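These notes concern the structure reproduced below.
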Amino acid sequence: MANLTKKQAIVAELKDQLTNAKGVVLTSYKGLTVAQDTELRRELRAAGVTYHVVKNTMLRLAAKEAGIEGFDEHLEGTTAFAFSTEDAIAPAKVICGFIKKNKLDENEVLTIKVGTVEGKVIDAKEVKALASLPSREELIAKMLGSMNAPISNTVNVLQGVIRNAVYVLDAVRAQKESA
Numbered sequence: 025m026a027n028l029t030k031k032q033a034i035v036a037e038l039k040d041q042l043t044n045a046k047g048v049v050l051t052s053y054k055g056l057t058v059a060q061d062t063e064l065r066r067e068l069r070a071a072g073v074t075y076h077v078v079k080n081t082m083l084r085l086a087a088k089e090a091g092i093e094g095f096d097e098h099l100e101g102t103t104a105f106a107f108s109t110e111d112a113i114a115p116a117k118v119i120c121g122f123i124k125k126n127k128l129d130e131n132e133v134l135t136i137k138v139g140t141v142e143g144k145v146i147d148a149k150e151v152k153a154l155a156s157l158p159s160r161e162e163l164i165a166k167m168l169g170s171m172n173a174p175i176s177n178t179v180n181v182l183q184g185v186i187r188n189a190v191y192v193l194d195a196v197r198a199q200k201e202s203a
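Taking the working numbering, the leading residue of the sequence shown gets 25, the next gets one more, and so forth.
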């Protein structure tokens with residue numbers, strides 16, 4: 025009976041994590057060394073992402089209770105659960121960066137199974153595409169640069185007109201002095 029209560033508590037906690045998470049990534053980690061796992065956990069923690077290994081049955085029940093559909097076919101083999109309540113892109117960005125940095129894609133040591141963004145289930149390709157997006161700060165900087173460009177161009181054009189007028193006046197002065 026105590027075992028059933030523990031499992032129900034785990035499912036309830038997973039359901040709570042799934043519903044409160046802005047971004048979730050499920051991974052398969054077969055063949056990942058302890059050193060690699062420790063480094064991955066350190067990077068995820070630094071990015072504000074929670075990461076832990078879960079039982080497929082518990083996650084399946086939690087997803088069903090949370091109303092998330094599309095996890096069932098991906099819940100086979102080893103499963104690790106990374107989520108962030110602050111940044112929807114952080115789990116995907118850190119995990120994809122770690123896979124790329126350590127070349128874990130080639131041997132399928134660490135692979136992405138599926139993910140969610142704001143409750144919507146996305147496949148592994150979409151998780152990788154999400155990870156390749158620039159950060160929020162970069163997007164804001166690009167937008168501000170785009171907004172600033174017309175003003176800068178106008179100033180440069182006006183300076184060019186004044187500069188050319190000065191060149192013409194200097195040429196006329198030089199011509200009058202030589203005559």
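We put the beta carbon where it would ideally sit given N, CA and C, even for glycine.
Computed from a predicted structure; not experimentally measured.
field: Straight-line Cα distance separating V181 from A106
entry: Start at 1 with the first residue of the sequence shown, and residue 106 comes out as number 82. Start at 1 with the first residue of the sequence shown, and residue 181 comes out as number 157. Approximately 52 Å, taken between the alpha carbons.
- prompt: Within 10 angstroms of its Cβ, does T94 collect 16 or more other Cβ (buried), or is it exposed?
  reply: Sequence index remark: in the sequence shown, residue 94 carries index 70 (1-based). Note that residue 94 is Gly in the sequence shown here, rather than Thr. Counting Cβ neighbours within 10 Å, G94 comes out exposed, since fewer than 16 surround it.
message: Taking DSSP's pairing of strands, which residues face I146 in a bridge?
response: Looking up residue 146 in the sequence shown gives position 122. The partner list for I146 (beta bridge, DSSP) reads G139.
query: When the Cα of V138 is compared with those of V58, A33, L50 and K31, which residue comes out closest?
result: Working through the sequence shown from its first residue, we reach residue 138 at position 114. With distances taken between Cα atoms, V138 lies closest to L50.
task: Consult DSSP for V48 and reduce its assignment to one of helix, strand or coil.
output: In the sequence shown, residue 48 corresponds to position 24, counting from 1. The DSSP-derived three-state label of V48 is strand.
query: When you compare each of T81, A165 and K124 to T135 by their alpha carbons, which one comes out closest?
result: Taking the sequence shown and counting its residues from 1, the one referred to as residue 135 is at position 111. Residue K124 is the option with its Cα nearest to T135.
- prompt: For the candidate residues A87, N126, N172 and V190, whose alpha-carbon lies nearest to that of L99?
  reply: On the sequence shown, residue 99 is found 75 positions in, with the first residue counted as 1. Ranking the options by Cα distance to L99, first place goes to A87.
- request: Consult DSSP for A86 and reduce its assignment to one of helix, strand or coil.
  value: Locating residue 86 in the sequence shown gives position 62, where the first residue counts as 1. A86: helix per DSSP, three-state reduction.
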